[in-house]
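> Whatever position you read off the sequence shown (first residue = 1), add 8 for this note's numbering. Don't be surprised by glycine CBs; every beta carbon is placed ideally from N, CA and C. Have a look at this one before I ask anything.
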Amino acid sequence: MIEQVYSLARLLEGVDYRLLRGELPERVEGITADSRRVEAGWVFIAVPGTRHDGHAFVGAALLAGAALVVVERDVQLPDTDRPVLRVESSARALGLMAANFYGRPAERLRLVGVTGTNGKTSVATLLYNLCRGLGHRAGLLSTIENRILDQALAATHTTPDALSLNRLLAQMVAKGVEYAFMEVSSHALVQQRIAGVRFAGAVFTNLSRDHLDYHGTLAAYRDAKKRLFDGLGAEAFALANRDDRNAEVMLQNSPARRCYYSANEVADYSGKLLREDAESMELEIAGTSVHVLLHGRFNLYNLLAVYAVADLLGLGERPELLRQLSLLQAVRGRFQGILGPQKRLAVVDYAHTPDALNKVIDTLRVIAHHRDSHLISLVGCGGDRDKGKRPDMAAIASSRSLWTVLTSDNPRSETPGSIIDEMYAGVLHEYRSHVFRIEDRREAILHACMLSEPGDIILIAGKGHENYQEIRGVRQPFDDAEEVRRAFAQLD
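This is the structure:
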């Protein structure tokens, strides 16, 4: 059973507020920030959003029977004596009240948050898989899916809204989960979705250009990530990738125990890439050689973070932790290999930033060298998102691949051709004869596969695990991995 708290006094614990009018009830029946879900006796919290402002729906919430309304600014109120609370931040109040409503579930398990531009999904998922492999009761909150023990639940956001997040954590507690691992996005931090959530530790993977359409500047994006570490308790750990230049800034104000991992310097957790071929990698972690099934220097960093967290949580002794590391397999849509006819290899990856694309291509060029083959890259950029990275993505792919195909990747409200034109502007003239522009992603994937010779590698970048293509507000079914398999079937 999931515990729920209906006492208003308990729901408001930790919330600074001022009663504007009315008398507070002793009990409420539920809480929501969606006026369409308000029922008699519920609390409605008016939260400003990117598209709609909840303050515009206060009247509708009261008419629907809300017993209490929470606002952060003055609003026009209907003629009713029902109570209204004023807070500094409705979003923060929602987070705190959501945690209180579900009995503060994060305090009853050991929750680790993972943030950074790249690697969040891999680190969180690999931690969950390692924890389950060790026999622990674990949960996962990620971009790809949520998991409670071995039960998979659909995920709609990298980090759920405050009510959904605390409901999921409460379900984990009810099922006896001991450890949970979650991705924490910069949007969630700015929007206070994790207010009231206590973390046993947090991980910073890296920082590079992304989401500037939302944050405006790289500094604002960095500072959004930093909030996770600033909010940790003294009993928690703060773990950062020392090889990223933002690591020191990220942890500088954290009251938590500070730890670092590195592949280049002396750190609390150090590692080396000893050897990589087409089949596996040999790493040195904690002074011990370990063979792993994953590829790429970026996965050295991911596995260092996983090992460090496992050690900090006390999940097992070193030999057992390293043995479990050696068994971990790639996360769906993260460097996911698909074998094709005559030893062709397609790799589906979520790389959608210049830094991630560069790192994936680094690894694929090493594998291509071992296979004595070539690399073909397919790349797109999302619509209604940071336009500044578009020419950079095309420049990287075209200069480092034999052939490059520029195509659509969730164009949303934009015209696919205009996005591709902005990408193509970044391609140097010397590479343009080896670049194709194909708006239809299905045709583009087929073309990329048709360009390949036996043994070649085809990178399908950008969408990874996603199973849709978003066009003009409609998510149409589309799966890169399935399209690759169809294309390969035509080559047989």
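Can you say whether K233 is buried or exposed, counting buried as having 16 or more other CB atoms within 10 angstroms of its CB?
buried
> Please name the residue or residues paired with R118 in a DSSP beta bridge.
Y187
> Identify the residues that DSSP records as bridge partners of K280: which are they?
E292
> Compute the Euclidean distance between the alpha carbons of Y136 and G391, then round it to the nearest angstrom.
32 Å
> Would V51 and V66 be called neighbours here (beta carbons separated by less than 7 Å)?
no
> Less than 7 Å between the beta carbons of S278 and S270, yes or no?
The Cβ atoms of S278 and S270 sit closer than 7 Å to each other.
> Just mark Q332 as buried or exposed, buried being the case when its beta carbon has 16 or more other beta carbons within 10 Å.
buried
> With distances taken from CA atoms, which of A107, R59, L85 is nearest Y14?
A107
> What is the C-beta distance between S150 and E191, in whole angstroms, given that I count them as a contact (C-beta under 8 Å)?
5 Å
> How many angstroms separate the CA atom of G295 from the CA atom of R94?
56 Å
> Take A68 as the anchor and find which of L20, A54, R493, T58 has the nearest alpha-carbon.
A54
> Please name the residue in S297, A227, Y315, G345 whose C-alpha comes closest to that of M258.
A227
> Once you ignore the five residues that flank H360 on each side, which residues in its own chain have a CB closer than 6 Å to its CB?
G470
> Consult DSSP for N249 and reduce its assignment to one of helix, strand or coil.
strand
> Would the region 317-333 count as touching the region 472-490 if we require 3 or more Cβ pairs under 8 Å?
Proximity of the region 317-333 to the region 472-490 falls short of the contact definition, fewer than three beta-carbon pairs being nearer than 8 Å.
> I'd like to know whether the C-beta atoms of N310 and D252 end up nearer to each other than 7 Å.
no
> Quick check: the region 18-33 against the region 87-102, are at least 3 beta-carbon pairs closer than 8 Å?
yes
> Can you tell me whether L76 is helix, strand or coil according to DSSP?
strand
> In three-state terms, what does DSSP make of V55?
Here V55 sits in coil by DSSP.
> Report yes if the C-beta distance between T167 and R201 is below 7 Å; otherwise report no.
yes
> Could you give the DSSP three-state label for V356: helix, strand or coil?
strand
> In chain order, what residues of the same chain have a beta carbon less than 6 Å from the beta carbon of A170, not counting five sequence neighbours either side?
L102, G103, A106, R201
> Round the Cβ separation of T129 and R342 to the nearest angstrom and send it over; I've been treating them as touching at under 8 Å.
So it is a contact: roughly 6 Å between Cβ atoms.
> When you compare only the Cα positions, how much space is there between A74 and H165?
28 Å
> What is the DSSP secondary structure of D285, reduced to helix, strand or coil?
coil
> Is the distance from the Cβ of L282 to the Cβ of E290 below 7 Å?
yes
> Since I believe I446 is in contact with V492 (beta carbons under 8 Å), could you give me their beta-carbon distance rounded to a whole number of angstroms?
Not a contact, Cβ separation roughly 15 Å.
> Could you tell me which residues DSSP puts in a beta bridge with S297?
E292
> Ordered along the chain, which non-local residues of its own chain (more than five positions away) have a Cβ less than 8 Å from that of P362?
Cβ-Cβ distances below 8 Å link P362 to S216, R217, K397, D400, M401, I404 in the same chain, with the five nearest sequence neighbours on each side left out; the list follows chain order.
> Given that a residue counts as buried once 16 or more other Cβ atoms are within 10 Å of its Cβ, and exposed if not, what is N307?
buried
> Specify the secondary structure class of E47 as computed by DSSP and reduced to three states.
In the three-state reduction of the DSSP assignment, E47 falls in the coil class, being assigned neither a helical nor a strand state.
> Skipping 5 residues on each side, what residues in its chain have a beta carbon closer than 6 Å to that of G388?
T415, S416, D417, G470
> Out of A160, K183, H144, G204, point me to the one whose CA is closest to L173's CA.
Residue G204 is the option with its Cα nearest to L173.
> Please work out which residues of its chain come closer than 7 Å, Cβ to Cβ, to Q484, disregarding the five sequence neighbours upstream and downstream, and give them in chain order.
Contacts found: Y476, Q477.
> Measure the CB-CB distance between T413 and A376 and report whether it falls below 7 Å.
Just to set this straight, residue 413 is Val in the shown sequence, not Thr. No, Cβ-Cβ distance for V413 and A376 is not below 7 Å.
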